[in-house]
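Participant:
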Amino acid sequence: KVFLARCLKGFFVVTPTVGLATAGLWYWRIQHLHSSDDIEPESEISEMTLVPLAPRETFSWFRVAWRSLVIFCRTLPIVAAFPWCWLAWSRGGEQLWWEMVLHTLQAHGPLAIKFAQWASTRPDILPPRVCGHFSELQDAVRAHSWEQTRQILTSSFGPDWESKLEVKPEPVGSGCMAQVYHAKTKLPGSQDDGLEVAIKVRHPSASELVDLDLEVLSRIFHSVERVWSGAQYLGLTEALGHLEAFVRPQADMRVEAANMERFRENFEYNKNGRGLPVCFPKIIRPFVDEAVLVETFESAVPLQAVLNQEVSELAKGRKRHQLPENVTPDEVRQAVGKICMDTYMKMLFGDNFIHGDLHPGNIHFRYHKDEKTGVQKPELVVFDAGLAIHLSRRDRRNFVEVFHAIATKNGNRAGQLMVERTPGDASRIVEGKVSLGDAFSRLINLACDHRVKLETGFVTVANSIVIVEGVGRQLNPLVDLLLQAKPLLADAMLGRV
Numbered sequence: 433k434v435f436l437a438r439c440l441k442g443f444f445v446v447t448p449t450v451g452l453a454t455a456g457l458w459y460w461r462i463q464h465l466h467s468s469d470d471i472e473p474e475s476e477i478s479e480m481t482l483v484p485l486a487p488r489e490t491f492s493w494f495r496v497a498w499r500s501l502v503i504f505c506r507t508l509p510i511v512a513a514f515p516w517c518w519l520a521w522s523r524g525g526e527q528l529w530w531e532m533v534l535h536t537l538q539a540h541g542p543l544a545i546k547f548a549q550w551a552s553t554r555p556d557i558l559p560p561r562v563c564g565h566f567s568e569l570q571d572a573v574r575a576h577s578w579e580q581t582r583q584i585l586t587s588s589f590g591p592d593w594e595s596k597l598e599v600k601p602e603p604v605g606s607g608c609m610a611q612v613y614h615a616k617t618k619l620p621g622s623q624d625d626g627l628e629v630a631i632k633v634r635h636p637s638a639s640e641l642v643d644l645d646l647e648v649l650s651r652i653f654h655s656v657e658r659v660w661s662g663a664q665y666l667g668l669t670e671a672l673g674h675l676e677a678f679v680r681p682q683a684d685m686r687v688e689a690a691n692m693e694r695f696r697e698n699f700e701y702n703k704n705g706r707g708l709p710v711c712f713p714k715i716i717r718p719f720v721d722e723a724v725l726v727e728t729f730e731s732a733v734p735l736q737a738v739l740n741q742e743v744s745e746l747a748k749g750r751k752r753h754q755l756p757e758n759v760t761p762d763e764v765r766q767a768v769g770k771i772c773m774d775t776y777m778k779m780l781f782g783d784n785f786i787h788g789d790l791h792p793g794n795i796h797f798r799y800h801k802d803e804k805t806g807v808q809k810p811e812l813v814v815f816d817a818g819l820a821i822h823l824s825r826r827d828r829r830n831f832v833e834v835f836h837a838i839a840t841k842n843g844n845r846a847g848q849l850m851v852e853r854t855p856g857d858a859s860r861i862v863e864g865k866v867s868l869g870d871a872f873s874r875l876i877n878l879a880c881d882h883r884v885k886l887e888t889g890f891v892t893v894a895n896s897i898v899i900v901e902g903v904g905r906q907l908n909p910l911v912d913l914l915l916q917a918k919p920l921l922a923d924a925m926l927g928r929v
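Take the sequence shown: its letters are residues 433 to 929, numbered as in my numbering.
1) Quick check on the burial criterion: 16 or more other C-beta atoms within 10 angstroms. Buried or exposed for A634?
2) Does the CB of D789 have a neighbour CB from chain D at under 7 Å?
3) DSSP three-state call for G626: helix, strand or coil?
4) Applying the criterion that 16 or more other CB atoms from any shown protein chain within 10 Å of the CB defines a buried residue, is E474 buried or exposed?
5) Report the three-state DSSP secondary structure of F719 (helix, strand or coil).
6) Would you decide whether S606 is buried or exposed? Buried here means 16 or more other CB atoms lie within 10 Å of its CB.
7) Which word fits K841, buried or exposed, when buried means at least 16 other C-beta atoms lie within 10 angstroms of its C-beta?
8) Would you identify the three-state DSSP class for F797, choosing helix, strand or coil?
9) I'd like the span of the alpha helix (DSSP H) that includes T586, first residue to last.
10) Name the DSSP beta bridge partners of V659, please?
11) In terms of alpha-carbon separation, which member of A839, R826, E757, V710 lies closest to V778?
12) Could you check the C-alpha separation between F491 and E568 for me, to the nearest Å?
13) With three or more C-beta pairs closer than 8 Å as the rule, is the stretch 721 to 729 touching the stretch 574 to 593?
14) With DSSP run on the structure shown, which of helix, strand or coil describes K809?
15) For the alpha helix (DSSP H) that P636 lies in, which residues bound it at each end?
16) Is W493 buried or exposed, if buried means 16 or more other CB atoms sit within 10 Å of its CB?
17) Can you tell which of E670, R686, A539, L675 has the C-alpha that lies nearest to the C-alpha of I716?
18) Since G605 is in the beta strand (DSSP E), which residue starts that stretch and which ends it?
19) Return helix, strand or coil for K546, following the three-state DSSP convention.
20) Taking the continuous beta strand (DSSP E) assigned at L430, which residues delimit it?
21) From W593 to P734, what distance separates their C-alpha atoms?
22) In its own chain, which residues sit with a C-beta less than 8 Å from the C-beta of L849, not counting the 5 before and 5 after it?
23) Express the C-alpha separation of E628 and T728 in angstroms, rounding to a whole number.
24) Nearest-angstrom Cα distance between G590 and E526?
25) Alpha carbon to alpha carbon, how far is F653 from P761? Give it in angstroms, no decimals.
26) Looking at the secondary structure, which residues open and close the beta strand (DSSP E) in which K616 lies?
27) Under the DSSP definition of a beta bridge, which residues are partnered with H787?
28) Measuring alpha carbon to alpha carbon, tell me which residue in P636, V759, L543 is nearest S588.
29) Classify D870 as buried or exposed, calling it buried when 16 or more other Cβ atoms lie within 10 Å of its own Cβ.
30) Return the first residue and the last residue of the alpha helix (DSSP H) that P509 is part of.
31) Any idea what DSSP makes of A551, helix, strand or coil?
32) Do the stretch 765 to 778 and the stretch 801 to 818 touch if we need at least three Cβ pairs shorter than 8 Å?
33) For the alpha helix (DSSP H) holding V533, just list the boundary residues, first then last.
34) Count the other C-beta atoms from every protein chain shown that fall within 10 angstroms of the C-beta of R461, then say buried if there are 16 or more, exposed otherwise.
35) Is the separation between the beta-carbon of A610 and that of N691 shorter than 7 Å?
36) Spatial neighbours of E676 within its chain, please: CB distance less than 6 Å, with the 5 preceding and 5 following residues excluded, ordered by chain position.
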C-alpha cells in the first residue's frame, strides 16, 4: 500500500490532473452566470475598472490546440486515480488525492486557483472538508523564483531599483496572480523614506495564461454552440464574458493601485481615524507598473484565523499581533463579522464602489487601542483590490429595487423586475412559476434556468454578496445581511440612485 501510494503520488505530482477546462465549467455551472451582449447603445455601462484594460490577446489555433492537449493530459489521470484513492480514503487516500488536486490547480494557473478560492467561501453548497482543502490556496500558492522577481523589478523600475528599495528575497505570501515581498524604501529627502512596504509582483506568466485559457474556453464554447444549436440557451459564451470581466482586471497592478486609492478616499478612517475601522494599504507612487505594485506593509491577522477550519491560528496570532488576552474567539468573530457586513453595505449603498473579491484571504484584522478610552478595538485591513465595481445609475437602480424586493420577501416583484429589465431577448424567456427564496445565488440560478440575461455588473455584485455573506456566516452564524442592509436600502430606494 505504501509503495502504491508513493508511485501514485510521484506520477501525479509530475502529471498534474485537474484541468482548467473542467474548472471553468464547474465555475460556470455553480454560478450560472449570464451576460448582457445585447445592451442598447444609449445604455450606461457599469465600470469594472478605473484604468482602461488592453483588449484580450488572441492566439493561433496551434497554441490553443497545444494548451487544450496539455489540459486534457493533466485532467484524464485524475479520473483514473480517484477510485484507487477512494479505496484507501481513510488511510491516506484522501490526503494524497487532494495534494494532487491542489498541485494541479496551481499548475494550471490563475483561473483554476481563482475557482478554488471562490469555492472555499461556499460552505453552504460544498462540504466543509472540501472548503477547507480549497482554502489552502487563498494565500499560499506556489511562488516563483527570486531571480524572476529581480528581472520583473528591473523591467518595471529600471536597473537602479535596488538603490530605492531594500527587498527581502523570501516572499511573505503568494496568490493566484502575484506574490508579496517585505521591503523598505530608500528615498532620502522624501516622507516615504525608510517606510516598511509590501511589493506585489505579478507571476511571470499570469497575464498570458489568463488570456490563453480564456481563449481556450472561448473556442471550446463557440464550437459546442455551432455543433449543438440548443447550447446557446446554456449561456456558455455569456458566462465566459463574466469570468473574463472578473479575472482580467486582477492581472494589472495599475488597476489595483487606482482602486486602492479610491477605497482609501471613501473610508475616512484611513485619514482621520473616524468612521468604520477599515484600513487599505497606501500606494507608494511612482512605484506602480502593470506587473509590480508597492504599498505600505500592513501587519494583521488573516481572517482564516477565526474561521472554523483554522481556529488554532488565533492563538499563534494573539502574541504576534497583540490581540487582547481577554477576548474569546467567539467575541472576535462577532466583532469582526459585524465590521465586514457594515463595510460591504457602505461600499454597496453608500459609495457605489464595491470590492469584488472579498474572500477570507483578502481580509485581515487587528486590534488597536482607542486613544480616548484606552480600550482595544478591532479594525479590518483589506487587500487585493484588483476587482472593483462601480454600477451605472441605471444598473444601480435596478439592483437596489431587486434587492429591496428580496429584503421585503416579495419574490413575485423580484422576478417581475428581472424579466422586465433584462437586457437580453425577452422572447427567449421560459415562463413558469418560480420561488426566489432569500438568496442572490438562487436568484441567479433561476435567471439561468429561465434564460433571463443579466448585466455583468449585477452578476458581479450579486456574487460578491454571496461571498461576503458566506464569510459573515462563518464568523457569526446569526449574522443577518438583510437586516443590516435595510436602513441603507431604504435611503437608496428613496433617492433612486
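Just so you know, even glycine gets a beta-carbon here, dropped at the ideal spot from N, CA and C.
Remember, it's a predicted structure, so these values are computed and weren't measured experimentally.
Facilitator: According to the structure shown:
1) Taking the first residue of the sequence shown as position 1, residue 634 is located at position 202. According to the sequence provided, residue 634 is Arg. The question's Ala does not apply to it. Buried, by the Cβ-count rule.
2) In the structure shown, chain D does not exist; there is a single protein chain.
3) Within the sequence shown, numbered from 1, the residue matching residue 626 stands at position 194. It is coil, neither helix nor strand.
4) As a position in the sequence shown, residue 474 is number 42, starting the count at 1. Note on E474: pLDDT 36, under 50, position unreliable in the model; the coordinate value appears next. Exposed: under 16 other Cβ atoms inside 10 Å.
5) As a first step, residue 719 is located in the sequence shown; it is residue number 287 there, counting from the start. Strand.
6) To locate residue 606, count along the sequence shown from 1; it is residue 174. With 16 or more other Cβ atoms within 10 Å, it is buried.
7) Along the sequence shown, read from residue 1 onward, the residue named residue 841 stands at position 409. Classification of K841: exposed, given that the 10 Å Cβ count is below 16.
8) Here the question's residue 797 lines up with position 365 in the sequence shown. Looking at F797 - three-state DSSP - the assignment turns out to be strand.
9) Translated into the one-based positions of the sequence shown, residue 586 becomes position 154. Where T586 is concerned, the enclosing alpha helix (DSSP H) stretches over 578 to 589.
10) Position 227 of the sequence shown holds residue 659. DSSP, once it has assigned bridges, lists no residue as partnering V659.
11) Position 346 of the sequence shown holds residue 778. Sequence inspection shows Lys at residue 778; the Val mentioned does not correspond to that position. It is V710 whose Cα lies nearest to the Cα of K778.
12) Residue 491 sits at position 59 when you count from the first residue of the sequence shown. Residue 568 sits at position 136 when you count from the first residue of the sequence shown. Their Cα atoms are separated by approximately 32 Å.
13) yes
14) Stepping through the sequence shown from its first residue, residue 809 is reached at position 377. Looking at K809 - three-state DSSP - the assignment turns out to be strand.
15) Here the question's residue 636 lines up with position 204 in the sequence shown. That residue, P636, is in no alpha helix (DSSP H); it is neither H nor E in DSSP.
16) Within the sequence shown, residue 493 is the residue found at index 61, counting from 1. Answer is exposed; the Cβ neighbour count stays below 16.
17) For the purposes of this step, residue 716 is taken as residue 284 along the sequence shown, with counting starting at 1. Ranking E670, R686, A539, L675 by Cα distance to I716 puts R686 first.
18) In the sequence shown, residue 605 corresponds to position 173, counting from 1. 597 to 606 is the extent of the beta strand (DSSP E) around G605.
19) By 1-based counting over the sequence shown, the position of residue 546 is 114. K546 falls in the helix class under three-state DSSP.
20) Nothing can be reported for residue 430, as the shown portion of the chain is limited to 433 through 929.
21) As a first step, residue 593 must be located in the sequence shown, where it is residue number 161. As a first step, residue 734 must be located in the sequence shown, where it is residue number 302. Each residue's Cα considered, the two are about 30 Å apart.
22) The count along the sequence shown starts at 1 and reaches residue 849 at position 417. Excluding residues within five positions, the ones whose Cβ falls inside 8 Å are N830, E833, V834, A837.
23) In the sequence shown, residue 728 corresponds to position 296, counting from 1. In the sequence shown, residue 628 corresponds to position 196, counting from 1. If I take the Cα positions, the gap works out to 6 Å.
24) By one-based count along the sequence shown, residue 590 stands at place 158. By one-based count along the sequence shown, residue 526 stands at place 94. In a straight line, the C-alpha of G590 is about 47 Å away from that of E526.
25) The sequence position of residue 761 within the sequence shown is 329, counting from 1. The sequence position of residue 653 within the sequence shown is 221, counting from 1. Going from the Cα of P761 to the Cα of F653 covers about 46 Å.
26) Indexing the sequence shown from 1 puts residue 616 at position 184. Where K616 is concerned, the enclosing beta strand (DSSP E) stretches over 610 to 617.
27) Looking up residue 787 in the sequence shown gives position 355. Answer is A820.
28) The residue labelled residue 588 in the question sits at position 156 within the sequence shown. The candidate whose alpha carbon is nearest that of S588 is P636.
29) Within the sequence shown, numbered from 1, the residue matching residue 870 stands at position 438. Model confidence at D870 stands at a pLDDT of 43, short of 50, so the residue's coordinates are unreliable and nothing is read from them.
30) As a position in the sequence shown, residue 509 is number 77, starting the count at 1. Unbroken alpha helix (DSSP H) run through P509: 493 to 519.
31) Residue 551 sits at position 119 when you count from the first residue of the sequence shown. Note: A551 maps to helix in three-state DSSP.
32) yes
33) Sequence index remark: in the sequence shown, residue 533 carries index 101 (1-based). Taken as a continuous stretch (DSSP letters only), the alpha helix (DSSP H) holding V533 covers 525 to 540.
34) Taking the first residue of the sequence shown as position 1, residue 461 is located at position 29. With a pLDDT of 39 at R461, under the threshold of 50, the modelled position of that residue is not reliable, and no figure is offered here.
35) As a first step, residue 610 must be located in the sequence shown, where it is residue number 178. As a first step, residue 691 must be located in the sequence shown, where it is residue number 259. Against a cut-off of 7 Å, the Cβ pair of N691 and A610 comes out as no contact.
36) Walking along the sequence shown from the start, residue 676 turns up at place 244. The residues are L646.
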